[in-house]
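Line by line, the protein sequences give chains A and Z. Read the first sequence against the numbering used here and you will find it ends at 327, with the numbers running on by one and no gaps. Read the second sequence against the numbering used here and you will find it ends at 654, with the numbers running on by one and no gaps. Read through the structure below, which is laid out as structure tokens, and then see the notes.
There are 2 protein chains.
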Amino acid sequence: MSEPNPAALSGFIRQHDHFIITAHIRSDGDSIGSELALREILLSLGKKCYIFNNDEPAAYLSFLPGFAEIKNMPPSDIADYDACLIADSAFSPRLGSVYNTLQTDGPRAVAVIDHHQNPCLNDFCYIKPDASSTGELVYNLAEYLEIPVTGNIAIDIYTAVFTDTSGFRQTNTTARSAKIASMLFPEIKDHYPVMMQSIFEDNRYGGLKLMGKMLEASKRTADGLIIYSLLERRMFAETGADDSDLEHFITYLRSVRGIKAACLFRETGKDIKVNLRGKDITVDLVPFVRRYGGGGHPQAAGFSVTGKSLCQAADEIINALNLYLAG
Amino acid sequence: MSEPNPAALSGFIRQHDHFIITAHIRSDGDSIGSELALREILLSLGKKCYIFNNDEPAAYLSFLPGFAEIKNMPPSDIADYDACLIADSAFSPRLGSVYNTLQTDGPRAVAVIDHHQNPCLNDFCYIKPDASSTGELVYNLAEYLEIPVTGNIAIDIYTAVFTDTSGFRQTNTTARSAKIASMLFPEIKDHYPVMMQSIFEDNRYGGLKLMGKMLEASKRTADGLIIYSLLERRMFAETGADDSDLEHFITYLRSVRGIKAACLFRETGKDIKVNLRGKDITVDLVPFVRRYGGGGHPQAAGFSVTGKSLCQAADEIINALNLYLAG
Numbered sequence: 001m002s003e004p005n006p007a008a009l010s011g012f013i014r015q016h017d018h019f020i021i022t023a024h025i026r027s028d029g030d031s032i033g034s035e036l037a038l039r040e041i042l043l044s045l046g047k048k049c050y051i052f053n054n055d056e057p058a059a060y061l062s063f064l065p066g067f068a069e070i071k072n073m074p075p076s077d078i079a080d081y082d083a084c085l086i087a088d089s090a091f092s093p094r095l096g097s098v099y100n101t102l103q104t105d106g107p108r109a110v111a112v113i114d115h116h117q118n119p120c121l122n123d124f125c126y127i128k129p130d131a132s133s134t135g136e137l138v139y140n141l142a143e144y145l146e147i148p149v150t151g152n153i154a155i156d157i158y159t160a161v162f163t164d165t166s167g168f169r170q171t172n173t174t175a176r177s178a179k180i181a182s183m184l185f186p187e188i189k190d191h192y193p194v195m196m197q198s199i200f201e202d203n204r205y206g207g208l209k210l211m212g213k214m215l216e217a218s219k220r221t222a223d224g225l226i227i228y229s230l231l232e233r234r235m236f237a238e239t240g241a242d243d244s245d246l247e248h249f250i251t252y253l254r255s256v257r258g259i260k261a262a263c264l265f266r267e268t269g270k271d272i273k274v275n276l277r278g279k280d281i282t283v284d285l286v287p288f289v290r291r292y293g294g295g296g297h298p299q300a301a302g303f304s305v306t307g308k309s310l311c312q313a314a315d316e317i318i319n320a321l322n323l324y325l326a327g
Numbered sequence: 328m329s330e331p332n333p334a335a336l337s338g339f340i341r342q343h344d345h346f347i348i349t350a351h352i353r354s355d356g357d358s359i360g361s362e363l364a365l366r367e368i369l370l371s372l373g374k375k376c377y378i379f380n381n382d383e384p385a386a387y388l389s390f391l392p393g394f395a396e397i398k399n400m401p402p403s404d405i406a407d408y409d410a411c412l413i414a415d416s417a418f419s420p421r422l423g424s425v426y427n428t429l430q431t432d433g434p435r436a437v438a439v440i441d442h443h444q445n446p447c448l449n450d451f452c453y454i455k456p457d458a459s460s461t462g463e464l465v466y467n468l469a470e471y472l473e474i475p476v477t478g479n480i481a482i483d484i485y486t487a488v489f490t491d492t493s494g495f496r497q498t499n500t501t502a503r504s505a506k507i508a509s510m511l512f513p514e515i516k517d518h519y520p521v522m523m524q525s526i527f528e529d530n531r532y533g534g535l536k537l538m539g540k541m542l543e544a545s546k547r548t549a550d551g552l553i554i555y556s557l558l559e560r561r562m563f564a565e566t567g568a569d570d571s572d573l574e575h576f577i578t579y580l581r582s583v584r585g586i587k588a589a590c591l592f593r594e595t596g597k598d599i600k601v602n603l604r605g606k607d608i609t610v611d612l613v614p615f616v617r618r619y620g621g622g623g624h625p626q627a628a629g630f631s632v633t634g635k636s637l638c639q640a641a642d643e644i645i646n647a648l649n650l651y652l653a654g
């Protein structure tokens, strides 16, 4: 079997004229950056396009050129669109309400560009699970189409690659993504201070306060191998924080020297959300979370618990995890 | 004047046989990585070398090949060394006790490789203040000497460049450093998970607890333009943290959306240390800190205050900074 490449997707793009572009719910830097870069590519080929997402895009990405073009309503002239291009997701319920709209009213021609482990929908899809990011694949597509990756496209793609690798820190970083970054850097360097500040320094004050409470409340097991903390419902009210502030919390717990796993328990009012991260790369958390009906990756997994108090759930699960890690 | 290049330093290396390598006190990833890469380069040219630093190197860098070769005692056969190569610092008191030892007993031939704004000591120095890091210059030197940058040298140089740009996030990131990273990445990718975990996930538990207290105690001024926090002496005792845990504290304060400056006050027992960061890139903090006998860069500066309580110092300085920012 040949290595996934952008040839068929390029053919799909050439065959159609009016594109709806979409991505998964709660779009991140990779999906938004990829959508906007795809839009620039399509525009440069004289195509018409419309970005239609389930949610409003996160404000910290507003530095991206074309950000205002992201809509969360379908186009009024949806019947005029002859193709749909999905970035960073399969054509699936993960698209949110967009999925139903596209299924009923959308164009029948659909293609996917994605680095997740998704099945190919049809021959036009460009899916490569060992790529760092969808942004990396959009770069490959632009190169294949011989579209210069400069200006706006460079900012969009760099942001996609940079955010999905957490700034080239995660193990999904690839040699190709490092090379793409180095080729794009001269194009974007004047924008770099604003980009970096928007990406990494846009925390809300309430979120900072909640993180303070979470760190203060953190505990380690007697053997020091698990670190965990509890977020009570009242802490959100006290600080004005909400779930959107939690992104880096568990990463910070995981940063402690000598632990094997980090665990964050969050009281939502209707259940207890349990979020786990592995630090010891020989540990696989998936079999553990499956006991509780959860899922995820070997080093990042989670599940929900109902009918227990926050403390009760934490006590039981930390004990079970301790046995599992010893096991 | 020609652009600084490694030609003269290469000549210096070729002319001598036994090298003492050193760097500034409290060596960081750039200085340690650069020293170890220089050692590999010199060894590959058949030279003898000895790394002599003021302090023990930080434990989080122990993944670097050759880490155990870093000594904080001079070689017993110091008279046999005919050259000294200083990385990431001038030949100055910033070398700590090493400076005096080298001045009295060290070889008279000295050269410097550095990206700080330091005067050239002599014609052999390779100083380039617009480089991202000393690691970037060591890469240029290896390339000039036609030494393949593979294996250990690749790990050392990547670490130097990566840490001094805070993972390509800071404005000192250069197109050259991005290119070097992309060329080195395929050489180091099997070591990447360990490297990244050592660099970013080696916080001490006490430091995490202290950061929690610091975030909880943080305040914003009424206009929301300054965020600040106070570290009382007792907090260190309560958490078991010490000054070595403080590195990212102010970065985290600075990460809050909408502020212009972040300020951290720390009670040491003999004075109050005041650490400032600018977030609005049009603000220059240097004239402000000079009023208090301090110094630094436009966006990162500090000073000390004596004879005042922590709260008193904070109140006065935040008021003055507020007027300064308005001004």
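Glycine included, every Cβ here is placed at the ideal spot set by N, Cα and C. Given the structure is predicted, the values throughout are model-derived calculations rather than measurements.
query                                                                                                                                                                              : result
Please say whether residue 265 of chain A and residue 292 of chain A have beta carbons closer to each other than 8 Å?                                                              : no
Determine the extent of the alpha helix (DSSP H) in which residue 462 of chain Z is found, giving its start and end residues.                                                      : 461-471
Are the beta-carbon atoms belonging to residue 158 of chain A and residue 137 of chain A less than 8 Å from one another?                                                           : no
Hey, out of Z:379, Z:394, Z:396 and Z:392, whose CA is closest to residue 408 of chain Z's CA?                                                                                     : Z:379
Using 10 angstroms around the beta-carbon of residue 119 of chain A, count the other beta-carbons present and answer buried if the total reaches 16, otherwise exposed.            : exposed
Residue 530 of chain Z versus chain A: which residues are under 9 Å apart at the beta carbon?                                                                                      : 252, 255, 256 and 257
Chain Z beta carbons: is any one of them nearer than 8 Å to that of residue 220 of chain A?                                                                                        : yes
So, for residue 333 of chain Z: in the same chain, excluding its five sequence neighbours on each side, which residues have a beta-carbon less than 6 Å away from its beta-carbon? : 453, 467, 468 and 471
Closer than 9 Å, Cβ to any Cβ of chain A: which residues of the region 590-612 of chain Z, in chain order?                                                                         : 606 and 608
Starting from residue 208 of chain A, trace the alpha helix (DSSP H) in both directions and tell me its first and last residue.                                                    : 205-216
Using a Cβ-Cβ distance under 8 Å, would residue 215 of chain A count as near chain Z?                                                                                              : yes
Taking a cut of 7 Å between CB atoms, which residues from the region 501-513 of chain Z lie near chain A?                                                                          : 502, 505, 506, 508, 509, 512 and 513
Identify each residue in the region 480-501 of chain Z for which the Cβ-Cβ distance to at least one residue of chain A is less than 7 Å, and report them in chain order.           : 494, 495, 496, 498 and 500
Take the Cβ of residue 327 of chain A as the centre, count every other Cβ of all protein chains shown within 10 Å, and call the residue buried at 16 or more, exposed below.       : exposed
Hey, residue 238 of chain A and residue 536 of chain Z are a contact pair by Cβ (cut 8 Å); roughly how many whole angstroms apart?                                                 : Residue 238 of chain A to residue 536 of chain Z, Cβ: 19 Å. No contact.
When you compare each of Z:647, Z:346, Z:410 and Z:356 to residue 527 of chain Z by their alpha carbons, which one comes out closest?                                              : Z:356
Just reading off the beta strand (DSSP E) that residue 555 of chain Z is part of, what are its end residues?                                                                       : 553-558
Please classify residue 424 of chain Z: does DSSP put it in a helix, a strand, or coil?                                                                                            : helix
Less than 8 Å between CB atoms is the rule here; does residue 622 of chain Z satisfy it with respect to chain A?                                                                   : no
Taking CB distances under 8 Å as the criterion, tell me whether residue 235 of chain A reaches chain Z.                                                                            : no
Could you list the residues in the region 447-463 of chain Z with a C-beta less than 8 Å from some C-beta on chain A, going in chain order?                                        : none
To which residues of the same chain is residue 553 of chain Z closer than 8 Å at the C-beta, ignoring the five residues directly before and after it?                              : 547, 586, 587, 588, 589, 590, 645, 648, 649 and 652
Taking the continuous alpha helix (DSSP H) assigned at residue 51 of chain A, which residues delimit it?                                                                           : Premise fails: residue 51 of chain A lies in the beta strand (DSSP E), 48-52, not in any alpha helix (DSSP H).
How about residue 391 of chain Z: is its C-beta nearer than 8 Å to some C-beta of chain A?                                                                                         : no
Is residue 384 of chain Z close to chain A? Criterion is C-beta to C-beta, closer than 8 Å.                                                                                        : no
Could you tell me whether the region 36-48 of chain A touches the region 12-22 of chain A, using the rule of 3 or more Cβ pairs below 8 Å?                                         : yes
Would you tell me roughly how many angstroms separate the C-alpha atoms of residue 304 of chain A and residue 26 of chain A, rounded to the nearest one?                           : 20 Å
Can you give me the Cβ contacts of residue 433 of chain Z inside the same chain, cut-off strictly under 6 Å, excluding the 5 residues immediately before and after it?             : 411
Measure the C-alpha to C-alpha separation of residue 294 of chain A and residue 224 of chain A and round it to an integer number of angstroms.                                     : 25 Å
I'd like to know whether the C-beta of residue 200 of chain A is nearer than 8 Å to at least one C-beta of chain Z.                                                                : yes
Please determine, among A:93, A:116, A:114 and A:149, the residue with the shortest C-alpha to C-alpha distance to residue 42 of chain A.                                          : A:149
Which residue's Cα is closest to the Cα of residue 583 of chain Z: Z:405, Z:557, Z:390 and Z:545?                                                                                  : Z:545
Give me the DSSP bridge partner(s) of residue 345 of chain Z.                                                                                                                      : Z:375
Measure the C-alpha to C-alpha separation of residue 284 of chain A and residue 115 of chain A and round it to an integer number of angstroms.                                     : 22 Å
Within the region 468-508 of chain Z, note down every full alpha helix (DSSP H) run reaching 4 residues or more, in order along the chain.                                         : 478-491
Which residues in chain A sit within 8 Å of residue 519 of chain Z, going by Cβ to Cβ distance?                                                                                    : 171 and 173
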